[in-house]
Structures are given as C-alpha cells and as structure tokens.
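**Q** Let me give you the structure first, and then I'll get to my questions.
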Amino acid sequence: MQGSLIDSLARQGITRRAFLKYCAMLASMMALPPSAGRAMAEAMATARRPSVIWLPFQECTGCTESITRSHSPSIEGMIFDLISLDYQETLMAAAGHQAEEALHATMKSNHGKYLLIVDGSIPLGMNGAYSCIAGRSNVDLLKETASGAAAIVAMGSCASYGGIPKANPNPTGAVSVSDLVKDKPIVNIPGCPPIPVVMTGVLAHYLTFGALPELDAKGRPKAFFGETIHDRCYRRPFYDQGKFAKTFDDEGARRGWCLFELGCKGPVTYNACATVKWNGGTSWPVESGHGCLGCSEPDFWDGGSFYKALSMPADPLKLGGAAAVAGAAAGVAVSVANRVKKGAAKASHEKATLADLEK
Amino acid sequence: MDALQFLTWVRGPGLDIAVGIFVLGVLWRLIEIYTLGRKPDLAEARHAAGASGWHTVFRRSLPPPGMMKRSPVSYIGGYIFHVGLAIIVFLFAPHILLITNLTGLSWPGLPSQFVDLVTVVTMAAMIVVLVDRINKPAKRFLSTFEDWFTWAVTFLPVLTGWMAVQHLLLPYTLMLAIHILTVEILLIVLPFTKLFHAFTLIGSRWYNGRVNGQRGVPV
Amino acid sequence: MSLDAIPVHVVNAGEGGLSGNAPPLLRELLTGVRRLLSDAEPSSIDLTALPLTPADLDWLRDTLGQGEVRVTLDANGESSLDETACPGVWWVTHRNEQGAVVAQFLEVAFVPELVRAQVEDIRIGSAYLESLMSENPSARSTAPYDEEAASCRDL
Amino acid sequence: MSASLEKGIHALKEVIDAPIASYFNSCVHCGLCAEACLFYLETGDPKYTPIHKLEPLRRVYEQEYTLLGRLKKWTGLSKPVTDDELDQWQELVYDSCTMCGRCSLVCPVGNDIVYMVRKLREGMAVSGHVPDGIKGAAKRTVEIGGPMGLKWPAVANVIKKAEEATGLTIPVDQAGADYLVLLSSMEIVNFPEYLEALAKIFNKAGITFTLASDAFEATNAGIQIGNSDLARVIVSRIVDAAERLKVNNVLSPECGHAYMAVRWEGPNLIGRPYSFKVVHVLELLDELRQKGVLKVKDKFKEKLILHDPCQIVRRGGVLNAPEPLVQMVAENYIPVADKQMWNWCCGGGGGASAIHTEEAEALRAKAFGIKKRQIEDAGVKTMVTFCANCRIVMEEAIDHYEMDTQLLGLTELLAEHLED
C-alpha cells in the first residue's frame, strides 16, 4: 500500500487542516519549536513511506493493542498507517509461508533502510527454544532482521528491558533487545503498555529528521521520559504538604491526596503518563486513584511490593529479635568474663606497703 | 544493579542487617558496660536539694556558668546540630511515616520547607564544629581517626537526605538509596564508637550526679 | 462515581503568583509583528512549552485583550483561533476530543495558517461540488468527508 | 616486693567499674574539660586536657573489659600500656592535677574525670610512678605519724603554748567528749594559732572536746598518692581513736584532702559506716553561728575575698557554710565571680604542693595566674580561706609574684574578733 499519507488520510475523512493541527500538537508535546510542526506536516505528507517490520517475540500483544488503538481509530491510528507495515502477524491478512515470504521479500528489497520494531522479550533459555516462529528461534530471527535494519524501536518494557518475562525467576532466560543487538541505533519505548503518542512521536521524528530523537541513559526519548511522574503529577502539592491517602477509600483518597503511602512509584519512574495521560487524555493511573507501578523502569516487577511506600523499609525489624538475643548473649558473655577477671584481680590483691611505692 | 534495585536492596535486606547489627551492638555494649558494677558508697550521705543523679541527667544539658564564654562554638554549634538532627529525624513527614510504619505511633510533622531550612542550618553548624575541632588546640590534640570518621558518618545522612529531597546532583532514586545507605552505616557504626554517647550519656551523668549528690554538691 | 465527583481542589504550586515569565513575551510578539510588517513573515510562540503558570496565561490573555475575529475549528476536537486586541496577533488554542487543552500558540500572521483552506481540501471540495451537480442522486455523496464511507474503503 | 608495671595494671583491673566504663564510652573528645582546667588555661598546653590524663586507664579498661578491646589487643591494633608510658604520665596525673574536680562539673556528657584520676593513681602508685615528695610524705605518715614527721611531743608542746596563751585547758585523750579534734601538720607547724582559736571558740560555745595522742594527724598522704591500702592504715588510726574515746563527732581541721579522706573515703576504705559523725570545722562554726553562740565584737575592716578550697567545697560539699561566716566577721567582703562549687583551685591540692621539682613549682606558679587575676580584679589586699595547704601554696606564689596580699585563716579570724 504505497502512495503518500495525505491521500490515504483524505480517504479516511481527515482534512489537511486536522492533520496540520495534529502535527502542531505533536511538535509542542515533543518540546520542538512550532516551525518543526509545519516541517513535520510536510515531511510526513510527502515522505515515501518507510517499510517497517514488526517482530513479535515473547509478548502479550498489549503493546500492539495500545499502539494500533484498535478500540478507537484516530489520527494516531492513521499515522500508524503512514508506515507500510509489511509484516505484523496480528494485523496482516497473510499467514504461514505467505507471511514468511512477505517478511523476507521486505528485508531483501529494503535492506539497510527498513525500521525494525521489536515487541516482547527474547528468551535465551534452552538456546531459544522457548519461543520460535516457523521453527526458528527468536534470537536468530532478531539477529538476522536486525542486521538489515536502519534503526530498531524496542516497543514496550519487554523489548526494552525484559519486562515481566524477565521478572524473578526468569524461567525462559528472557533478555531485552539492547542485550543482544549492540551495533544498531536502538530507541527504547518502555511502558507496560507504552503510551501510543510516544510511538507516533518517535516515528514522526524519525520521518521528519531522519534520525531517532534524543535519548536518555536508558535509551528512552527524552521528550517523553525526561521527567519523573512525581515531578509532573497534579497531586504533587499534596505530597509537599504531607497530605497522604492511607487506604484506597479513606478521606484522603476521596480528597485526591498523594498516594505515596499506598506504594506509588511515581518518584522513581520516568514517563509521560502524568502529562499525556491515557485513553485519549481521559485519565491515568494516579488520577484514577491507584499508585504508579513504575512500569517504564527496568525490573519494575521485582522492585518490591506495588503497595509498599517507596521510603518504607520492607521489614527492618525482621532480624531484630535474633539480633537482640545475640546482643544480650554477647553482652552477658563479656560481663561474666569481666566479673571473673575482676574477681580474680581482687582475690589476688596483695596488700600494698610502703615498699611497693619504690621501684 | 540499577538505581531501583539498589534502592530495593538498601530498603530491604540492607536495612534489616543494619537495624540487626544496631540492636545487637547496643544491647551487647550496654550490658558489657553497666554490668561492671559499682561499690555502694558507705559514707553517710548529705541531703542537699537538687543534688541527685536524675537532676544531673537534665541539668548537665545546660552550659555551666562561664563556660559558654570560653568556647561558644562548642556549645552553640553543638545545641544547633543536636536539636537540628532531632527535628529532622522526628518532625519531618516522611520520617514520621517511617516511624509510624514501624511502631504505629504517629504525630503531626513540620512543613517540609521549614525542615529544609533546619537541615541547612544543621549542616552549617556541623561544619562550624568540625572547623572548631581542627583549629582549637585542645580539641585537635584529643582527636583521633574515630572523631573525623564519626563526624562524616553523622554528616552524610543529613547531606544526602537533603539532596534527595531537593533533587540535587543525582536522580531521586539513586540519592534516596545513597541516603538510606549512609543511615545504615551510621546505625552499624553507632554502638561501637563515641556515637554511643547517645546511650551512655544518661548513665554517665547519673553516676556523676549520684556520686557528687551523695556529698551534697548539685553538679 | 465519575472522576470529577472527587471534590479535588488542586492547589497548584504556582497558582498563587505570577512567575514573571509572561511580560517578556510581549517584546517577542512586537518583534514578530514588526517582521510580519516588514517582510510579511509569520511566526508563532508555543505557550505550552514555556514554564507559564495559569496565572501567567490569564495575565497574558487579559493584557492582549479581545479582537474582532473569533474562529472555531472542529477537527479532532475543538480549536479556537481568536484575534487579540492587536490585529495580526492570534491566540490559538487546540483541544482534544475530551476538551482538554493540548496546545496553545500565539501566532503572528495576517491569517492563522489553519484558518486558510488548504489546497488539497479545496480540490476534494471541488470534486464534491461536481458530484452535487450530477443528475443521478445515488452518485451524490452526502458530505465531502463521509466518515463511514471512508472506513469501508480498503485501508 | 617492689613496685612493678604488672602490679600497676593489676590495681587498675581491680578499680575499673561501671562508671569508668560508662565515662570512657561517653567521651566525645570535645575538649571542654580543658576549658575548666586551670593548668590548661594558664599554660595553653593541650597535654593538660583532663581526659587525656586518663589515657592509660582508658586503654587498660578497653583491653581488659571490652570484647572489641580484647580483639584489638590480640591483633596489636591497641598497644598495651608500658612502664615508660606511665612514667611519662606521672607528670600529668600528679604535677598537673590537684584533683580539684572542676572538669567533672563541666563535662557535657557527665564524665566524672576526677573520680577516674583517683582510680588511675591506684595503678600509678604501685607501679612506682609517684612523685618523690608525696612518696616521702606517705612514708613519714605511715611510719612516724604525719607528713612532716611530727611526733606527739611536738604536738604536746604546741598544746602547752596554746594553753598558756588562752589560759584554757586543752584536754587530751578525754573519753566521752563531744568532739575529737584533729590537726594537720601544717597547722601544728605553721599556724599554731588555729588550736588557740578552737579552744576559745569551744570554751565560748561550751562544747567538750579532746585530742588523741595516737591520732592527732588528719591528713592522709595515702589518698594523695592514690593507694587505698596505705590510706586505710592512716584513716584507721582516727577511727580507732574515735571509737576508743567514744566521741560523737570527729572534727576535721582546716585542711582540704583531710576532709575528703576522713569524711568521704574513710568508710569505704575500712569497709563499714562510721559509728560517729565527721564534721568540718566550718560546718561546726556555721552551726554555732546559726545558734547565735558565735558572736563577734568587731569586724575586720579592709576589703577581702574568700577562697573556697576545692576538696572541702566543690568535692566535699561544704557549700554554704563559709560565706555567712565571712560576712559576719568581715566589714566589706567582696564575692568573686567563680565561687563555691565553681571556684578556681590554688594549684597545690591533691598532693601537688608536696612535689618540689623545678618544673612542678614553675607549673604551680603559672597555674596561680588565675587566682592572681581574681585577687587583682577584686582589688583586695587580703584573702581568707580555710585550708592550711592552700594558704602555704598561695603564700609561696604571692612571694613569687611579689604581691602584697595577706592570707588569713577563717577560724583564726573569727577567734580574733570573738566576743569575750
């Protein structure tokens, strides 16, 4: 399905003006200057649509659903059409050998130019036997496809950091894309699932400027993952005033106070949920009364209970009892030894005489 | 090991170990010290008002006449950072939260901006007292490695705590983890260094007051 | 119980006072307007990207005042493009389907870019006009951008 | 059987107790005890910081009575106390410490430093590290009867002269008297007027008293050296005499450490409470004053200040008796800033005055600086006190600085102005 985006958009009933408005909003959200908005509009409208390969590995299709917005098609969904999604098992009509051929055809024809989107973690256990497509392990498939990719987008926490499959005890030996592929530019879009607009923002940026956006230390686009949820949270004033909800339905919770005490991981999680929100700006976890789980951070699943406050120690008095007994025992042992020594010294006391004063 | 795992370890097993060693150390040392015993004083006591162990335990917190003039830095600096530490630990909202989680006791805290100010003043006082320890001949002469070490072990938690709250230098996750780590070091070190004066001070002042009170001198 | 049932009175930290970042914008607008007059070059300021508190925005809105033209654009949520008291300076506010403000700009131009009809849209509009004039009713499409019709075409 | 390091350590192991353990664990090295010690203040030498004087005792405590200390000793981290270290410390524990106790009142964590100096001296004594002066005094007291080697005939002669001067009889070995009067050698030799004053006052007050031919000496060099065995021998003489003569009270004379020895350390030395009371002459005079028995016919005119001897006032607890007595007999008594339990030491107590090495005397002269300033600030020509040793030490220092300050004993002053 070739041809420029603007033709297909028009057929979807999206006017050029609507598209321009969307680009302006996207540029503003990515903290790009307004002029970039217009540049994005031109670039995306006329750009030859890059070929994209979507490789699903150990994933739950949550990311696909979140990105393709299957429940409410909108501009973002259309933008997603902007790319010629040549291989996406869930969405493509073809299956079996036909699908494989489409994949290899795309890889051959667009070698070095296509964008590879990886969804899900890659199991290394039993040398990759945990997850295979057409008899070939994910590891091989990834390596082969990555070699010809211009850039790789790790979609969701699984692809970015290993996510839930990698959680303790990690039976399948799951790893993230960046653990395997070292020689290609990789952008991680963590989140379980990730925020749709982040995906389209990265694609728009890639199309307009032909490069991946600026990334942070963990390979995430700074425009969306530069700040912690806590710093952007609308309940932050309550945190500063020490107003905390104690239980999920107490007076504090009803008043919309801070959920710090209920285990919110906002302070340690970098993501854009607090500003961009979910489901088309309807709400986001904290606004709906539940603490942030920190799903865009590595190994969030093993970061301690979701309902234990960050500054709260897990169970510091666990060793307390044993320590008290051991301490008392050590103390008593030394005191007995001291008494014996002092008693012996007193017993062997020789009455001092004047002679004892002379050397 | 990234910041969140480090924080989880420090909050979890790290703190368990630290609190364990702290409890073990305190009990061991208290028993080791106070079971050495004391011979009763057979001399006939002189009864004078205000001359008893417990009076001294509280009175000795005030500067004796004329001493404030001789070394104001020790006294004023000392009061400020001790009171400051108390305010930070017991009247700062997240700390009260911590204590409530452990003991169930809860009380209102001070506004966090005020505690921030107190923290800065406390750190300033500690630095002044450190400089005094370097400059004053008697103090410097007495100082061993333990004095500089215990100063650092007490100063770091305050600094890192303040930096965590102010989001300075390092991301909050890492700084909070470092803060908790420095607190753990303080807990582990306390019973085995001069910081144990926090506990033995009561005993020492009581003995001093008792011995002199027997002779009718309200020290 | 819907979300807005929660009696939340959000005390935004910056609500109290002005952050002082608004006044310098007037100077930037002035240079923009001069450039518009001298070399007919439009420009715009992205307000959401600037650290402006709600109080700043209100101050700005009161200062710039109300012009004669108010444009409402219904495309993917409502947008309003109002002329301020200073002709050529337009206050553009975009909202999404839920009505939440997603972007705000101060555009210095003869006419805001979005108000101008776009060439592609006009071309599609002309096709629609032709269909109106054709005889048989079935060929007449009901609207230039018929949502349902579009979605049934192949993706 | 000579002194040795082992005996010294052994003695320390006997005396280390819970207070000492608590003190060493509380010390935060804040240096405030130095700010209260006249030897540090006048010399500015940090080695005179009181807590530093206890370093050997601290190491013995740590190595013998704490688990970590034992480990440190076995691993060589903590060096055991050596003989020449004790030798080095002799100057700190004796020459530059009069056991005046001011540091104990000032320590913010409540360490009773003078209590620990007293214990450390137990170890110093039997390890042979005691200044010769005090050693000689102890030898003479144990063998002959008093630090100056006085025997009873010398005392009898002073009694005879006192009887001639006052025309009153001074009973000796009189059973059943109210008070057994003790004298310090200093008074017998330098201030015999003290006995006459006592005779007059007792006569006026109608109190029966006696001396004991076998227990006339109040001082206790054993306490000054810091050897409890010798101190027990010395103080037992007084206890036996008092119990033999069945007196109700023993009167401790105008001498500092004598009061500490008899009143406060005595019972603990002999291991049982006394069957009689011990009263300091000032306490008795104050009692008589309150009863109105003690009246003066005229008053001492010139300006004077009062020196409160440390062992009697700060450490002995005779806090409030002296001042009213002085106010009764002196026209314009000027109270000094640091008085009663906050007074400054004369620099010679705790046996220090018996050390006649050059350095010790120079040190004492320097330490007197603080007392000199008190006198000069008050602008007085006369100072009254009630400890013979203080008077001797300060008179020497006054000559050293060529000051024209006159020193008076409070009891004699009262006697001179007593109503006939």
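Protein chains in written order, with this note's numbering: chain G, 64 to 422; chain W, 26 to 244; chain Z, 1119 to 1273; chain E, -4 to 415.
Think of the CB as a built atom: it goes at the ideal place given N, C-alpha and C, for glycine as much as any other residue.
What you are looking at is a predicted structure, and each value in this text was computed from that prediction instead of being measured.
Checking 9 Å against the spacing of the C-beta atoms, do E/G144 and E/K241 come in under that value?
**A** Start at 1 with the first residue of the fourth sequence, and residue 144 of chain E comes out as number 149. Start at 1 with the first residue of the fourth sequence, and residue 241 of chain E comes out as number 246. Contact: no.
**Q** Where do the ends of the beta strand (DSSP E) carrying Z/W1209 lie?
**A** Here residue 1209 of chain Z corresponds to residue number 91 of the third sequence, with the count starting at 1. Where Z/W1209 is concerned, the enclosing beta strand (DSSP E) stretches over 1207 to 1213.
**Q** Decide if the segment 106 to 113 of chain E is in contact with the segment 84 to 96 of chain E; the criterion is three or more beta carbon pairs, one per stretch, under 8 Å apart.
**A** Touching, per the Cβ criterion.
**Q** Which chain E residues sit within Cβ distance under 9 Å of G/V397?
**A** Sequence index remark: in the first sequence, residue 397 of chain G carries index 334 (1-based). Result: Y60, T61, L62, R65.
**Q** Below 8 Å on the Cβ atoms is my guess for E/K2 versus E/S122; work out the distance and round it to an integer in Å.
**A** On the fourth sequence, residue 2 of chain E is found 7 positions in, with the first residue counted as 1. On the fourth sequence, residue 122 of chain E is found 127 positions in, with the first residue counted as 1. With a Cβ gap of about 6 Å, E/K2 and E/S122 count as contacting.
**Q** Exposed or buried, E/E37, counting other C-beta atoms within 10 Å across all chains shown (16 or more means buried)?
**A** Within the fourth sequence, residue 37 of chain E is the residue found at index 42, counting from 1. Classification for E/E37: buried.
**Q** Which residues of the segment 75 to 86 of chain G have a Cβ closer than 7 Å to any Cβ of chain Z? Give them in chain order.
**A** Correct list: Q75, G76, T78, R79, R80, A81, L83, K84, Y85.
**Q** Check whether the Cβ atoms of E/D90 and E/I350 sit closer than 9 Å, and answer yes or no.
**A** Start at 1 with the first residue of the fourth sequence, and residue 90 of chain E comes out as number 95. Start at 1 with the first residue of the fourth sequence, and residue 350 of chain E comes out as number 355. Taking 9 Å as the Cβ cut-off, E/D90 and E/I350 qualify as a contacting pair.
**Q** State the beta-bridge partners of G/A212 as determined by DSSP.
**A** To locate residue 212 of chain G, count along the first sequence from 1; it is residue 149. Beta-bridge pairing links G/A212 to G/Y177.
**Q** Can you list the residues of chain G that E/D224 reaches, using a CB-CB cut of under 8 Å?
**A** Here residue 224 of chain E refers to the residue found at position 229 when the fourth sequence is read from its first residue. What E/D224 touches in chain G: K414, A415, T416.
**Q** At a Cβ threshold of 9 Å, is G/A393 touching chain E?
**A** Looking up residue 393 of chain G in the first sequence gives position 330. For G/A393, the answer is yes, since a Cβ of chain E falls inside 9 Å of its Cβ.
**Q** Helix, strand or coil for E/H275? Go by DSSP, reduced to three states.
**A** As a position in the fourth sequence, residue 275 of chain E is number 280, starting the count at 1. Here E/H275 sits in strand by DSSP.
**Q** Can you give me the start and stop residues for the alpha helix (DSSP H) that E/L100 sits inside?
**A** Stepping through the fourth sequence from its first residue, residue 100 of chain E is reached at position 105. It spans 97 to 101 - the alpha helix (DSSP H) in which E/L100 sits, taken as one unbroken run.
**Q** In the DSSP assignment, find the unbroken beta strand (DSSP E) run with W/R71 in it and report its ends.
**A** Counted from its first residue, the second sequence places residue 71 of chain W at position 46. Segment: none, W/R71 is in no beta strand (DSSP E) and carries neither H nor E.
**Q** Any idea if W/K164 is buried or exposed, counting beta-carbon neighbours within 10 angstroms, 16 or more meaning buried?
**A** In the second sequence, the residue the question calls residue 164 of chain W occupies position 139. W/K164 is buried by the Cβ-count criterion.
**Q** If we call anything under 9 Å between Cβ atoms a contact, is E/D394 one with W/G91?
**A** Reading the fourth sequence from its first residue, position 399 is the one you call residue 394 of chain E. Reading the second sequence from its first residue, position 66 is the one you call residue 91 of chain W. For E/D394 and W/G91, no; Cβs fall outside 9 Å.
**Q** Where does W/W187 land, buried or exposed, given buried means 16+ other C-beta within 10 angstroms?
**A** Taking the first residue of the second sequence as 1, we reach residue 187 of chain W at position 162. With 16 or more other Cβ atoms within 10 Å, it is buried.
**Q** Report yes if the C-beta distance between E/F204 and E/L175 is below 9 Å; otherwise report no.
**A** Taking the first residue of the fourth sequence as 1, we reach residue 204 of chain E at position 209. Taking the first residue of the fourth sequence as 1, we reach residue 175 of chain E at position 180. In contact: E/F204 and E/L175 (Cβ atoms closer than 9 Å).
**Q** Just the Cα atoms here: how many angstroms apart are G/C321 and W/L201?
**A** Position 258 of the first sequence, counted from the start, is the residue given in the question as residue 321 of chain G. Position 176 of the second sequence, counted from the start, is the residue given in the question as residue 201 of chain W. If you take the alpha carbons of G/C321 and W/L201, they lie about 19 Å apart.
**Q** Identify every residue that forms a DSSP beta bridge with G/M218.
**A** For the purposes of this step, residue 218 of chain G is taken as residue 155 along the first sequence, with counting starting at 1. Its beta-bridge partners are G/D182, G/I252.
**Q** Quick one: what does DSSP say W/M263 is sitting in, helix, strand or coil?
**A** No answer is possible for residue 263 of chain W: the residues shown for chain W start at 26 and end at 244.
**Q** Do E/E182 and E/A157 count as a contact pair if the criterion is CB distance below 9 Å?
**A** Residue numbering aside, residue 157 of chain E sits at position 162 when the fourth sequence is read from its first letter. Residue numbering aside, residue 182 of chain E sits at position 187 when the fourth sequence is read from its first letter. Cβ atoms of E/A157 and E/E182: not closer than 9 Å.
**Q** Could you tell me whether any Cβ in chain C is nearer than 9 Å to the Cβ of Z/F1223?
**A** Structure shown: chain C not included; protein chains present are G, W, Z and E.
**Q** Taking contact to mean at least 3 C-beta pairs separated by less than 8 Å, is the segment 291 to 308 of chain E in contact with the segment 382 to 391 of chain E?
**A** The segment 291 to 308 of chain E, when compared against the segment 382 to 391 of chain E, does touch it at the 8 Å Cβ threshold.
**Q** Pick from W/I58, W/L122, W/G50: whose alpha carbon is nearest that of G/K427?
**A** The question about residue 427 of chain G has no answer here: the residues shown for chain G are numbered 64 through 422.
**Q** Looking at the unbroken beta strand (DSSP E) that takes in E/M378, where does it start and where does it end?
**A** Within the fourth sequence, numbered from 1, the residue matching residue 378 of chain E stands at position 383. 377 to 380 is the span of the beta strand (DSSP E), which, as asked, contains E/M378.
**Q** Return the first residue and the last residue of the beta strand (DSSP E) that E/F295 is part of.
**A** For the purposes of this step, residue 295 of chain E is taken as the residue at position 300 of the fourth sequence. Its beta strand (DSSP E) spans residues 295 to 302.
**Q** So the candidates are W/V114, W/L155, W/A118; which of them puts its Cα closest to the Cα of W/Y100?
**A** Start at 1 with the first residue of the second sequence, and residue 100 of chain W comes out as number 75. Nearest option by C-alpha distance: W/L155.
**Q** Could you round the C-beta distance between G/A90 and G/A81 to whole angstroms and report it? I think they count as a contact, below 8 Å.
**A** Locating residue 90 of chain G in the first sequence gives position 27, where the first residue counts as 1. Locating residue 81 of chain G in the first sequence gives position 18, where the first residue counts as 1. At roughly 15 Å, the Cβ-Cβ gap does not stay under 8 Å, so G/A90 and G/A81 are not in contact.
**Q** Applying a beta-carbon distance threshold of less than 8 Å, which residues of chain E neighbour G/A408?
**A** Against the first sequence, residue 408 of chain G aligns to sequence position 345. Going along chain E in sequence order, the residues near G/A408 (Cβ under 8 Å) are H5, K8, E9.
**Q** Within the continuous beta strand (DSSP E) that includes E/Y328, where are the two ends?
**A** As a first step, residue 328 of chain E is located in the fourth sequence; it is residue number 333 there, counting from the start. Segment 325 to 328, the beta strand (DSSP E) holding E/Y328.
**Q** Measure the Cβ-Cβ separation of G/F323 and G/G354 and say whether it is below 9 Å.
**A** Translated into positions along the first sequence, residue 323 of chain G becomes position 260. Translated into positions along the first sequence, residue 354 of chain G becomes position 291. For G/F323 and G/G354, yes; Cβs fall inside 9 Å.
**Q** First and last residue of the beta strand (DSSP E) that includes E/G404?
**A** In the fourth sequence, residue 404 of chain E corresponds to position 409, counting from 1. Start and end: 401 to 404.
**Q** Does chain E have any CB closer than 9 Å to the CB of W/L52?
**A** Start at 1 with the first residue of the second sequence, and residue 52 of chain W comes out as number 27. False, the Cβ-Cβ gap to chain E never drops below 9 Å.
**Q** With a threshold of 8 Å, establish whether the CB of E/V257 neighbours any heavy atom of the ligand SAM.
**A** In the structure shown, the ligand SAM is absent, as is every other ligand, since no ligand is present at all.
**Q** Could you give the first and the last residue of the continuous beta strand (DSSP E) run that contains Z/Q1222?
**A** For the purposes of this step, residue 1222 of chain Z is taken as the residue at position 104 of the third sequence. From DSSP, the beta strand (DSSP E) with Z/Q1222 extends over 1219 to 1226.
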